[in-house]
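To convert a position in the sequence shown, counted from 1, into my numbering, add 1170.
Before any comments, here is the structure.
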Amino acid sequence: MMVILFTAMVFMMLDGTSRIHQQLQQVTDTALPLVSYSNQASVRLLAADKLFKDFLTSQDPARMDAYEGLFTDAHARFSDSLAQLVVLNRDNAEVQHQLTTLTAIEQRYFQEAQTAMVNYRTQMLAQQERQQSTRQFQRLYTTLYDDMKEQLADQRNVAITMMSKNYFLKLKQTETITSDALATEDIDAINKAIRNNKRYVNHVGNAYRSLSTMMPALKMAFDQPIARYMRDIGQSGGALDAHYQYIESRNKLYDNIHTLAAEIDKATQILDSFRHYASGQMDSAIDRADVAYQQGYKKALIFGGIMAALAMGIGWYVAQSVRKPLQSTLTTLEALANGDMTKRNDVNQSVEFSQLGVYINSLADNLQEILGRLSQASGELTTVAEQNQATTSDAKQRLHEQRQQTASVATAMTEMEHSVTEVSQSAQNTMQRIHDVEHASQTGREVMNTNIDTAQQLSARLDESVQAVANLQQTSGHIGSILDVIRNIADQTNLLALNAAIEAARAGDQGRGFAVVADEVRVLAKRTTDSTAEIEQMITTLQDRASQTMTLMQSCLTEMDNSIEQANNANAAMEAIQAIIQEISMMSAHIAHAAEEQRDTTASTARTLEGISHIADANFASMEEVAAASQTLDVLVHQQNDLVQRFKL
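See the structure below:
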C-alpha cells in the first residue's frame, strides 16, 4: 500500500511537471514567434509605406525609379513575413481567419500603391503640359489683343471700329473665363468654363472673320494664333483641357492615398490583434502552469499525509504485536530510511516475518527501481528546465533589444517630424521670396517696354532727320546745276563784253561810250564769275557736311535698331524669367504642401511607434514574469534532484 501511494505520488509529480513544461513550451513555440513575426511584419509594412511616401515627395525620375524598386523589395519582405505567420498559425482557426483578411489587405494595398505611383507620374506629366499650355495661352492672348490693337489703331472706318470693339469684348470675356478656370481647382467650375468657352469660341471666331473680311491683311498675321487660341480655351488638348486633366489626376492620387491610409490602419489593427492574442495565450499558459503546480502541490500534501498516517498505524500495530522479531527488520528499514536502497531483510524467520521480509525486500527493490527512474526523470527534467530557462532568457534578451530598437525608431521619427517642419517653413519663406522676385521682374519688364517704345520713337525721328538731310543734299545738287548755268552766262557775258570792246575800238570816238559800257559789263561778269566760284565752294562744303551728317545719322539709326533688337531680346528674356519664376512659385507651393503632408504622416508614424514601444515594454514585463517562473521551476527541479541523490541505489 505504501509503495502504491508513493508511486502514485511520484507519477503525480511527474505529471504536474510535464503539464507545466507543456504550457511553457506552448509559450515558446507559439506565442513568442507570433509576437516576433507580427512585429516584423508591422515594421516591414511601415517601411514599405515610408518608401511609398518618399516616392510621392520626389520629382526626380531617377529617384522615383529607385524608390519604386525599393518598394517592390519591401513588398517581397512583407510577403515573406506574412507567409511565416501563415505557416506558424496554420492550425489556429481564429488567427487563420484574420490572416486571410490580412492577405487580402496586402494585395489591395500594394495594387493600390502601384496605381497611385502611376497616377503620380501622370499628374507630373499633366502639370508640365498645363504649364506649357498656360504660357502659350498667355502669349496668344497678348498677340491677339495688343498686336491686333496696333493693327487697328489707325483705322477710321466706323464699321471696322465697331467690329473691333465687339472682337476685343468677346476676346476679353474668354480670357477672363479661362484665367478664372486656370486659377481654380474645382472640377465643376472648370467644366462650366469649358462649356461657356465653347459658346464664346463661335463669337470670337465670327468677330475675327468679320474683321479679316474688312481687312484681309489680318489673315496672314492672325489666322494661326486665333485657331490655336480657340483650341486652348475650349477644345481637347488646350490649356483648359490640360488643367482639367491635371486636377483629375491629382484627385485620383488623393483618393489612392486615402485608400492606402485606410488599408494601413486595418493591417496595423490586425497585427496588433495578433500581439494581443499572443499576450493572452502567454497569460493563459502561465495561468494553467500555475494551476498545475498548485494542484500537484495539494495532491502531494494529501498523499503525503495519507502515507504518514498509514505508516504510523502500521508501526503502532507492529510495536504492539511483535517488537523483538522486528529488530532485523528495523535495521533494514533504518538503512532504507537513511537512503541505503541496497539493504535487504533476512527472510529466515517465522512465516509472518519471513513474508514481511519478502515484502520489505520487494518494497526496497521497487523503491530502488522507482528512485532510479525518478533520478533519471529528474535529470531529464533538470535538462529541460535549463533549456527552458535558456530559451526564456534568450527571448527576454530579444524582446529587450526590440524594445530598445523601437524606442530608437520612435525617437528618430520625432526628429524627422521636426526636420520636416523646418523644411515646410523654409518652403513657405522661399515661396514668399519668389513672389517678391516675380514682382520685381514684372516691374523690370514694364520699364523695358517703356524703353523700347522710347527707342522706337527716337528711331522714327532719326529716320525723318536722315530723310531731311538727304533732301538737303539733293537740293544742294540742284543749286550746283544752277551755278553752272550762271557760270556759263557769266562766261558768255564776259565774251560779249570783250567783243563789244573790240567793236568800240574799231568805231573810234563814236564807240567810246559803248566801250565804257562794255568794260562795266566785263567787270560785272568777272564779279559774277568770282561770286559763283565762292558759292560753288560753299555748296561743296555744305554737301560734304550734309553727307557726313547723313552717314553719322545712318550709323546712329543702325545702332538704334540694334539697341531696339537687344531691348526686345531682353524683354523676351524677362518674360521667360517671369514664366520660370511662376513655375518655381508653383513648385514651391507643391513642395510646401507635400512637406506639410509628410509632417502629418511622420507625426502619425511616431505616435504608432510609440504605441509599439509600449506594447514591447508590456511584452518584456510579461517575459520577465515567465523567466521568473522558469527560474523557480529550475530551483524546484534541482531541489528534487538533490533529494533523489541522497538515496543510495
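Beta carbons are placed, not taken as given, at the ideal position from N, Cα and C, and that holds for glycine.
Exposed or buried, which one is residue i when buried takes at least 16 other CB atoms within 10 Å?
{"i": "Tyr1279", "result": "buried"}
{"i": "Ile1396", "result": "buried"}
{"i": "Ser1532", "result": "exposed"}
{"i": "Ser1701", "result": "exposed"}
{"i": "Arg1401", "result": "buried"}
{"i": "Arg1214", "result": "buried"}
{"i": "Ile1357", "result": "exposed"}
{"i": "Glu1433", "result": "buried"}
{"i": "Ile1785", "result": "buried"}
{"i": "His1413", "result": "buried"}
{"i": "Ser1419", "result": "buried"}
{"i": "Gln1595", "result": "exposed"}
{"i": "Gln1821", "result": "Outside the shown range of the chain, which is 1171 to 1819, sits residue 1821, and nothing can be said about it."}
{"i": "Gln1301", "result": "buried"}
{"i": "Lys1468", "result": "exposed"}
{"i": "Ile1751", "result": "buried"}
{"i": "Val1265", "result": "buried"}
{"i": "Ile1472", "result": "exposed"}
Would you report the Cα separation of residue i and residue j, rounded to the nearest angstrom?
{"i": "Lys1223", "j": "Glu1795", "result": "40 Å"}
{"i": "Arg1514", "j": "Ile1476", "result": "25 Å"}
{"i": "Ala1437", "j": "Gly1542", "result": "55 Å"}
{"i": "Ala1677", "j": "Ala1671", "result": "10 Å"}
{"i": "Val1805", "j": "Thr1502", "result": "33 Å"}
{"i": "Asn1209", "j": "Ser1578", "result": "15 Å"}
{"i": "Val1807", "j": "Thr1552", "result": "6 Å"}
{"i": "Arg1398", "j": "Arg1326", "result": "29 Å"}
{"i": "Glu1704", "j": "Asn1658", "result": "15 Å"}
{"i": "Asn1289", "j": "Tyr1424", "result": "10 Å"}
{"i": "Glu1345", "j": "Arg1365", "result": "14 Å"}
{"i": "Ala1409", "j": "Lys1342", "result": "16 Å"}
{"i": "Gln1268", "j": "Arg1769", "result": "32 Å"}
{"i": "Asp1689", "j": "Val1655", "result": "22 Å"}
{"i": "Gln1281", "j": "Thr1242", "result": "11 Å"}
{"i": "Ile1512", "j": "Thr1802", "result": "Checking the sequence, you will find Thr at residue 1512 rather than Ile. For Thr1512 and Thr1802, the distance between alpha carbons rounds to 33 Å."}
{"i": "His1588", "j": "Ala1773", "result": "9 Å"}
{"i": "Glu1735", "j": "Glu1729", "result": "10 Å"}
{"i": "Gly1404", "j": "Asp1317", "result": "23 Å"}
{"i": "Asn1741", "j": "Gln1748", "result": "10 Å"}
{"i": "Asn1426", "j": "Thr1354", "result": "22 Å"}
{"i": "Phe1248", "j": "Gln1439", "result": "16 Å"}
{"i": "Leu1240", "j": "Asp1250", "result": "15 Å"}
{"i": "Gln1637", "j": "Leu1727", "result": "12 Å"}
{"i": "Leu1216", "j": "Thr1584", "result": "15 Å"}
{"i": "Lys1319", "j": "Asn1376", "result": "18 Å"}
{"i": "Ala1660", "j": "Ile1652", "result": "12 Å"}
{"i": "Gln1546", "j": "Asp1535", "result": "16 Å"}
{"i": "Asp1235", "j": "Phe1225", "result": "8 Å"}
{"i": "Gln1415", "j": "Asn1336", "result": "32 Å"}
{"i": "Ser1792", "j": "Thr1562", "result": "11 Å"}
{"i": "Val1693", "j": "Gln1707", "result": "21 Å"}
{"i": "Gln1297", "j": "Thr1719", "result": "57 Å"}
{"i": "Ala1211", "j": "Leu1252", "result": "7 Å"}
{"i": "Glu1608", "j": "Thr1624", "result": "24 Å"}
{"i": "Asn1259", "j": "Pro1203", "result": "10 Å"}
Where does residue i sit, in a helix, a strand or coil, going by DSSP?
{"i": "Gln1718", "result": "helix"}
{"i": "Asn1209", "result": "helix"}
{"i": "Asn1508", "result": "coil"}
{"i": "Asp1230", "result": "coil"}
{"i": "Asp1250", "result": "helix"}
{"i": "Asn1669", "result": "helix"}
{"i": "Ala1393", "result": "Note on identity: in this sequence residue 1393 is Asp, with Ala being the wrong assignment. Helix at Asp1393."}
{"i": "Asn1327", "result": "coil"}
{"i": "Gly1408", "result": "coil"}
{"i": "Asp1261", "result": "coil"}
{"i": "Arg1514", "result": "coil"}
Run through the segment 1344-1387 for me and flag every whole alpha helix (DSSP H) of 4 or more residues, listed as ranges in chain order. 1357-1384
To test your reading of the DSSP string, which unbroken beta strand (DSSP E) runs of 3 or more residues are found completely within the segment 1784-1814? none
Complete beta strand (DSSP E) runs within the segment 1703-1752 (minimum length 3 residues, chain order): none
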